[in-house]
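Worksheet: the structure to be examined is printed underneath.
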Amino acid sequence: MSVLCSVAPWTSRSVRPHPFSACPASDGGIQGGRPPSHAVRSHSVIWANGHLIIEPLDRRRRTVLHAANITWGTLMPVISLASVKGGVGKTSALLALASDLAVSGSNVVVLDADPNGHASRIGARMAKRLDGVAFAALGGITEANILASIKKARTEADYVLVDLPGVSSKLTLLGLARSDLVIVPVQASEMDIHDALQTVENVKQAGEAADKTIRACFLLSRWPITIESRAAKETRKRLQSKAPDVAVLNTPLMDRTAFKEMTFNGAPPRLVEPGGNAAANVEAIRREVLALLGVEVEDAA
Ligand SMILES: Nc1ncnc2c1ncn2[C@@H]1O[C@H](COP(=O)(O)OP(=O)(O)OP(=O)(O)O)[C@@H](O)[C@H]1O
Ligand SMILES: [Mg+2]
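When the letters of the sequence shown are read in order and numbered with my numbering, they come out as residues 4 to 304.
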């Protein structure tokens, strides 16, 4: 993939050594440290006429990134995965999205604020798999350090993804307050809808506390791959009618074995089967998420 960015020179940070490159993986610390090399070793990187051109060595595809609306050069976007309901697919969606952003050439840091530590544990496996890609996962995020951790990560990575615990708590509120976009996964069930709406209320509250508007969107999660069940249709409909100001992403994260397997081996679908359905699924979600952040990505022929 070739990435052409109409952005200021300081965005060349995406090809600097990864901020956490020198850090060893350790429990409760920074995990998934990269070798001290350029973030995107599989790409050639040149400046031409004020454009940063990142071209993959395989040159299979060409992607043009219009970065006019992004906050690059100042503070990088923070995307949180949140729901007051547990088990809705937050960590799975986060890891799928984070790895896809990284494989697409962005410098990605995952902050795991869930005491269970799934995102940082599996993220460490993922970092090993994503050799030559700027991806790191940091565990041990607590009430005491979440603000400082986000602040540090967002000055160094292109995207910071935060896995928030599946409960309302001060830690969750602090994470929400520092987010630019909150993705709320929702499975096809009345209970999920109820809790997703509560989560959106929490996002609004965090926005009021932080004195800013925090965008939120619903991600239909573990969605049936064959036909959309009645429960699934009803979930989509109710979300739209009860929270008309919150976007429902067009692309659900499908219920696929590939996303379960990813948790065992740390291999994102795009590594396992680049042309497969699961990889296409995550890519479509990444594009929608970037569009919400004001980043336009086009594939050229
Ligand atoms: N798209 C998917 N396809 C198949 N299985 C999935 C998918 N998303 C999540 N799962 C499975 O559902 C379960 C819950 O997912 P996950 O741990 O990602 O949810 P969570 O919201 O992060 O949970 P918690 O609140 O406990 O942190 C896991 O067993 C996971 O493998
Ligand atoms: Mg989780």
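Glycine included, every Cβ here is placed at the ideal spot set by N, Cα and C. Everything numeric in this text was worked out from a predicted model, so none of it was measured.
Cβ of residue i within 7 Å of Cβ of residue j?
i	j	result
residue 86	residue 169	yes
residue 252	residue 204	no
residue 218	residue 184	yes
residue 152	residue 129	no
residue 167	residue 116	yes
residue 160	residue 140	no
residue 273	residue 282	yes
For my contact list, residue i and residue j are in at a C-beta cut-off of 8 Å; report their separation, rounded to the angstrom.
i	j	result
residue 111	residue 162	5 Å
residue 221	residue 165	At roughly 17 Å, the Cβ-Cβ gap does not stay under 8 Å, so residue 221 and residue 165 are not in contact.
residue 250	residue 295	7 Å
residue 99	residue 224	Not confirmed; about 11 Å, so no contact.
residue 133	residue 156	Incorrect: roughly 17 Å between the Cβ atoms, too far for contact.
residue 192	residue 261	At roughly 22 Å, the Cβ-Cβ gap does not stay under 8 Å, so residue 192 and residue 261 are not in contact.
residue 81	residue 182	5 Å
residue 300	residue 293	6 Å
residue 142	residue 120	5 Å
residue 269	residue 93	With 8 Å as the limit, residue 269 and residue 93 do not qualify as a contact, their Cβ atoms being about 17 Å apart.
residue 114	residue 150	The Cβ separation is near 11 Å, so there is no contact.
residue 238	residue 125	The Cβ separation is near 27 Å, so there is no contact.
residue 189	residue 242	7 Å
Use the C-beta contact count for residue i: other C-beta atoms within 10 angstroms, 16 or more gives buried, fewer gives exposed.
i	result
residue 194	exposed
residue 271	buried
residue 280	exposed
residue 61	The predicted model places residue 61 with a pLDDT of 40, which falls under 50 and marks its position as unreliable; any figure quoted below should be read in that light. Exposed, since its Cβ has fewer than 16 Cβ neighbours within 10 Å.
residue 158	exposed
residue 59	Residue placement at residue 59 is poorly supported in this model, since its pLDDT is 43, which falls under 50; the coordinates still yield a value, given next. Its Cβ being crowded by 16 or more others within 10 Å, residue 59 is buried.
residue 42	Only weak support is given to the placement of residue 42: the predicted model assigns it a pLDDT of 35, under 50, and the question is left unresolved by the model.
residue 108	buried
residue 216	exposed
residue 137	buried
residue 212	exposed
Who are residue i's beta bridge partners in DSSP?
i	result
residue 188	222
residue 256	224
residue 166	84 and 115
residue 251	221
residue 138	111
For a cutoff of 7 Å on Cβ pairs, would you count residue i as touching chain D?
i	result
residue 172	Here chain D cannot be found, since the structure has a single protein chain.
Could you tell me whether the stretch 145-159 touches the stretch 188-208, where touching means 3 or more Cβ pairs closer than 8 Å?
-> Taking a contact to require three or more Cβ pairs closer than 8 Å, the stretch 145-159 and the stretch 188-208 do not qualify as touching.
Determine contact between the stretch 222-237 and the stretch 256-264, defined as no fewer than three beta-carbon pairs at a distance below 8 Å.
-> yes
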